[in-house]
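Numbering (this note's numbering), first residue to last: 792 to 1231.
See structure below.
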Amino acid sequence: MSSAGPQRIVVEPAQSVGGELTVPGDKSISHRAAMLASVACGTSRIRGFLSGEDCLATVEACRALGVSIADGGNGELLVEGRGIGGLRAPTRALDLGNSGTGLRLMAGLLAAQPFDVELTGDESLRSRPMVRIADPLAAMGARIDTCDGRAPLRIRGSAGLRGIDYTLPVASAQVKSALLLAGLSAKGTTTLRSPGPTRDHTERMLRSMGVSLDGDVEANIVSLEGPAEPRAFELAVPGDFSSAAFFIVAACLAAHDGMTIRNVGVNPTRTGLLTILRTMGARIELANLTTVGAEPVADLHVRQSELQGIEVPEVLVPLAIDEFPVLFVAAAGAAGQTLVRGAEELRHKECDRLAVMAEALNTLGARARELPDGLLIDGGGLTGGSASSHGDHRVAMALAVASVLAEDSIEVLDTAQVATSFPGFADVAAQAGFSIAGHE
Ligand code: S3P
């Protein structure tokens, strides 16, 4: 089922992009759906599941834990939930591939299980910080060892967890979600206080599965009374806003006749990029806004706009956290300077996205200055050339989008990981008007 992409891609300067597109299912929602359906009571049906490598690794991990998951094709999964205490000890380490969400949420789900389990991933994932989940899970009573603060994680069979009242040091949906999943099996209340808003898919999904949550949304506090057992659900996964983001930016820069992207999840904890781009002058409209399951979904109409550089408000950073690689490209195409601060978390993603994007943009002819917690980018277009994505799927796709600003072709190296989140990216890009070729 693996869908590994080409090792490098070459994109010719695109004069104009446009048309009508759809993007694959939401990655964050797909991970959560597979995990929560696995511990639900009853059989869940999921449609629109993202068949990217990250989410497929989560499905394989759930199967290794004894869950029967039938793949009906076209993103349809039937998951026979085993109940919150019904997972079985796997016979091997669980490999979550490239995915921080997969590994961290799985650690939360497994922290209360009575068996030992090891969680690991690829080189990039094994370099990312895990103390942020290991410490609070240990405070709940989990026995969890890291490898110098990183994966592999070894979780030893637990005699039971207790709820905690915990203030997250960083605004992270992965940490919040890992602790909520652990809280499902814990005795008592798990209360999580975040320094800022983060995506709330876990909370929405849990509620739709009959688990009640309290808290104060304005104050970024959520709490859950454990133990609690989610019931099975039917779910249609919306298109991934983070995948749509590449085409939203491309359209802002070069869709002279406009572009429509249909059926995109527009949960407000994900759409910080829209606020930022509109502040820069983008013309983006939402149409056919509706609610699918627990999530708002809409069609996006985007028209080419004269973007102006801005100082991005720091409060928007967690709401656009995965969109910065492509936002930096938008900044390179805007008039004047764009300043991003308060984004130190970008150094802990699939690569150090501040360092790698600064290096790539400068290589391609932009002027980007790396700051400890952000970038300062001078707008004005790009020449072209060859730049590495350092194996980061979102950097690779952002650099492909940069071709709308370039005078010459852009070669992007180390692109195989695009398949982790956006299988079929090159096809959708070609449909949008990019001239894009993949090479082994
Ligand atoms: C995600 C949360 C974010 C995001 C990641 C997906 C999630 O990470 O960057 O791609 O699904 O919860 P953090 O919570 O670490 O910021």
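Using N, Cα and C, we set each Cβ at its ideal position, and we do this for glycine too.
Owing to the predicted nature of the structure, the values given are computational and were not obtained by experimental measurement.
Taking the alpha-carbon positions, what's the residue i to residue j distance?
i, j, result
"Val1233", "Glu909", "Given that the chain is displayed from residue 792 to residue 1231, the structure contains no residue 1233 and the question cannot be resolved."
"Ala848", "Leu887", "5 angstroms"
"Thr1189", "Leu1026", "With the sequence shown as reference, residue 1189 is identified as Ala, and Thr is not the correct amino acid for it. So the two alpha carbons sit approximately 30 angstroms from each other."
"Ser835", "Asp862", "12 angstroms"
"Leu1166", "Arg873", "46 angstroms"
"Phe1037", "Phe840", "20 angstroms"
"Pro1018", "Lys978", "6 angstroms"
"Ala964", "Ala1134", "15 angstroms"
"Ser949", "Gly843", "32 angstroms"
"Asp1218", "Gly1006", "43 angstroms"
"Ser1034", "Ser1212", "8 angstroms"
"Ala880", "Ala962", "32 angstroms"
"Arg1185", "Gln904", "34 angstroms"
"Ala1121", "Met826", "35 angstroms"
"Gly899", "Arg984", "17 angstroms"
"Pro1163", "Arg1132", "8 angstroms"
"Ala1159", "Ile837", "42 angstroms"
"Ser976", "Leu952", "7 angstroms"
"Ala1023", "Ser1003", "15 angstroms"
"Ala1191", "Val1209", "11 angstroms"
"Ala973", "Leu901", "7 angstroms"
"Glu1231", "Ala1187", "15 angstroms"
"Phe906", "Leu916", "23 angstroms"
"Ala1221", "Gly1030", "18 angstroms"
"Leu1068", "Gly1176", "26 angstroms"
"Ser794", "Gly912", "Residue confidence for Ser794 is low, a pLDDT of 44 falling below 50, so the modelled location carries little weight and cannot support an answer."
"Arg1061", "Glu803", "30 angstroms"
"Leu1130", "Met1071", "12 angstroms"
"Arg941", "Ser918", "6 angstroms"
"Met1000", "Leu1152", "44 angstroms"
"Gly932", "Ile1227", "51 angstroms"
"Val814", "Val1055", "8 angstroms"
"Ala1042", "Val1117", "12 angstroms"
"Thr937", "Thr982", "24 angstroms"
"Ala1111", "Gly987", "12 angstroms"
"Gln1095", "Ala1010", "37 angstroms"
"Ile1052", "Ser1194", "20 angstroms"
"Ala1126", "Glu1136", "27 angstroms"
"Ser1014", "Leu971", "8 angstroms"
Go ahead and label residue i buried or exposed: buried means 16 or more other beta carbons lie within 10 angstroms of its beta carbon, across all protein chains shown.
i, result
"Glu1076", "exposed"
"Asp939", "exposed"
"Arg823", "buried"
"Asn1058", "buried"
"Ser821", "buried"
"Gly876", "exposed"
"Gln798", "exposed"
"Ala1114", "Before going on, a small fix: residue 1114 reads as Glu here, not Ala. Glu1114 is buried by the Cβ-count criterion."
"Met792", "Per-residue confidence for Met792 stands at a pLDDT of 34, beneath the threshold of 50, marking its modelled position as unreliable; the derived number appears in the next sentence. Exposed."
"His1181", "buried"
"Glu914", "exposed"
"Val1088", "buried"
"Glu1086", "buried"
"Arg883", "exposed"
"Gly864", "exposed"
"Pro960", "exposed"
"Glu1141", "buried"
"Ile800", "buried"
"Val922", "exposed"
"Gly1078", "For the sequence presented, residue 1078 should be read as Ala rather than Gly. Classification for Ala1078: exposed."
"Thr745", "This structure cannot speak to residue 745, because the chain is shown only from 792 to 1231."
So with Cβ pairs under 8 angstroms, would you call residue i a contact of chain D?
i, result
"Val830", "Among the chains of the structure shown, chain D does not appear; only one protein chain is present."
Using a threshold of 7 angstroms, is the CB atom of residue i nearer than that to any non-hydrogen atom of ligand 3?
i, result
"Leu1098", "No copy of ligand 3 occurs in the structure displayed; its ligands are ligand 1 alone."
(Q) For the structure I just gave you, are there three or more beta carbon pairs, one from the segment 803-814 and one from the segment 985-1000, closer than 8 angstroms? (A) no
Original post:
Counting only runs that start and end within the segment 1047-1078, where is the alpha helix (DSSP H) found for 4 or more residues in a row?
Top reply: 1063-1070
**Q.** Chain-ordered list of residues that sit, by beta carbon, closer than 5 angstroms to a heavy atom of ligand 1
**A.** Ser819, Thr892, Ser963, Ala964, Gln965, Ile1112, Asp1113
For this session: Determine contact between the segment 1041-1053 and the segment 852-861, defined as no fewer than three beta-carbon pairs at a distance below 8 angstroms.
Result: no
Could you say if the segment 1192-1206 and the segment 825-834 meet the contact criterion of at least three C-beta pairs nearer than 8 angstroms? no
Practice problem: Examine the Cβ distances between the segment 1141-1155 and the segment 1090-1108 and report whether three or more of them are shorter than 8 angstroms. | Solution: no
**Report entry** Given 8 angstroms, three or more beta-carbon pairs between the segment 1081-1095 and the segment 1106-1121
**Finding:** no
message: Quick check on the DSSP output: what are the complete beta strand (DSSP E) runs of length 3 or more inside the segment 977-1037, in order along the chain?
response: 979-984, 1004-1007, 1012-1017, 1025-1027
For this session: Mind listing, in chain order, the continuous beta strand (DSSP E) runs of no fewer than 3 residues lying wholly within the segment 869-915?
Result: 908-911
**Every unbroken beta strand (DSSP E) inside the segment 1137-1171 [3 residues or more]** = 1158-1162, 1165-1169
*Along the chain, which unbroken stretches of the alpha helix (DSSP H) at least 4 residues long are found entirely within the segment 1104-1137?*
1115-1123
Start-end ranges of the alpha helix (DSSP H) lying completely within the segment 934-976, minimum 4 residues: 964-976
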